[in-house]
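Notes follow the structure.
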Amino acid sequence: MRTDGRNIDPTLGILSGEGSHQRATGKLEHPTPEPQNDPDSYYGLPMLKAPVWKASIPFYFYVGGLAGASAALSAALQLRGSSKLIRTGRYIAFGGAAVSAALLIEDLGIKKRFIYMMRVFRPSSPMNVGTWILSAFGGAATGALVPGIIGDISAGLAALCGLPLAGYTSVLLSNTAVPIWAEGGTSMPPLFVASAAVSATSVFEALAETKRDLRVVRRLAILAKLSELLTHLTFEKSVSRVPEVAKPLHEGVSGALWQAARVGVGASLALSLWPKAPRAARIAAGVLGTLGAIATRFAVFEAGKASVRDPHATFEWQRA
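Position 89, counted from 1, in the sequence shown is what the working numbering calls 550; the numbers after and before it change by one each time, with no gaps.
Spelled out as structure tokens, the structure:
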């Protein structure tokens with residue numbers, strides 16, 4: 462008899478609750494291995510279940526960081542006077558807020574869950590706080606599109622909400638039992654904030670037209686890219702306290718993404734340091750910086766999944 466994978470006898474139990482709509486399709490991505498006689502683990506089996514998040518979540522990490530950093534950067538440019546990039550940044554913030562909400566709702570599965578999380582304010586829940594931050598940011602980013610003083614005030618509020626939006630997702634990851642995420646809990650927020658700054662400055666760097674805008678954005682881009690490379694090293698050093706925990710940063714898909722992120726941001730930094738770079742080089746710097754920022758989010762995401770599948774990582778981390 463074909464079932465949905467949970468083998469629930471309808472005469473004994475009724476499918477209800479949050480997960481009742483879910484249906485198992487196809488084979489498991491990573492089937493449970495056979496038990497082994499391994500004294501350094503629980504019979505060679507993983508202790509934790511892998512995260513069920515889909516690719517929409519690391520994309521949400523990137524888009525949310527891009528939107529938040531763009532709002533902050535456009536507000537900073539506004540303090541220096543008029544600029545075409547101010548309006549551009551506001552549109553990026555508004556679009557990023559809308560796409561972020563769509564990606565988050567898509568992963569939740571049911572649209573009402575996003576609203577349900579706003580019935581209360583729970584500071585102990587990073588997901589609940591993040592929902593409020595995203596909602597406040599979306600309202601402020603929308604108001605920032607209104608011309609005049611209302612738009613300027615809303616843009617300032619969007620900049621204030623954009624800073625925590627750029628980094629709260631790292632707190633969400635570190636609040637789990639996944640070894641590499643939990644071990645890097647203090648070094649991951651600076652990494653995500655720096656990566657968000659690279660995301661925004663890379664886009665602005667490619668779009669800047671006037672010499673004045675380019676001069677300001679170029680300085681911020683160099684600072685952001687140096688910061689991301691530095692926080693890469695800091696995060697890797699923090700999780701390397703337990704060698705078994707740091708393995709996903711050097712092996713497999715997550716290791717390849719981690720190295721690709723470093724190469725992309727490094728190459729983008731080299732182009733940004735070019736004093737009188739042509740427009741093609743600036744566009745290349747923006748593209749490489751964007752790809753590097755995306756690769757950083759996916760590398761951390763995939764490293765968490767690999768860390769959970771390692772039957773030794775949890776034990777070695779807890780013993781340490």
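Ideal Cβ placement from N, Cα and C applies to all residues, glycine included.
Residue span of the alpha helix (DSSP H) that contains residue i, given as start and end
| i | result |
| --- | --- |
| residue 527 | 517 to 540 |
| residue 702 | No alpha helix (DSSP H) contains residue 702, which DSSP labels as neither H nor E. |
| residue 613 | 610 to 635 |
| residue 555 | 545 to 569 |
| residue 583 | Note, residue 583: premise wrong, no alpha helix (DSSP H); not H, not E. |
| residue 752 | 740 to 770 |
| residue 640 | 640 to 644 |
| residue 781 | Here residue 781 belongs to no alpha helix (DSSP H), and DSSP marks it neither H nor E. |
| residue 573 | 573 to 577 |
Per-residue burial, residue i [other beta carbons within 10 Å of its own, 16 or more giving buried]
| i | result |
| --- | --- |
| residue 671 | exposed |
| residue 540 | exposed |
| residue 674 | buried |
| residue 642 | buried |
| residue 708 | buried |
| residue 778 | buried |
| residue 761 | buried |
| residue 686 | buried |
| residue 576 | exposed |
| residue 523 | buried |
Where residue i sits in the DSSP three-state scheme
| i | result |
| --- | --- |
| residue 606 | coil |
| residue 504 | coil |
| residue 649 | helix |
| residue 724 | helix |
| residue 514 | coil |
| residue 509 | coil |
| residue 734 | coil |
Proximity test, Cβ basis, 9 Å: residue i and chain C
| i | result |
| --- | --- |
| residue 626 | Absence of chain C from the displayed structure is noted, only one protein chain being present. |
request  = Report the residue ranges of all alpha helix (DSSP H) runs contained in full by the region 654 to 715; include only those spanning at least 4 residues, in chain order.
outcome  = 672 to 700, 704 to 707
ask   = Would you say the region 619 to 633 touches the region 648 to 657, given that touching needs at least three Cβ pairs under 8 Å?
value = yes
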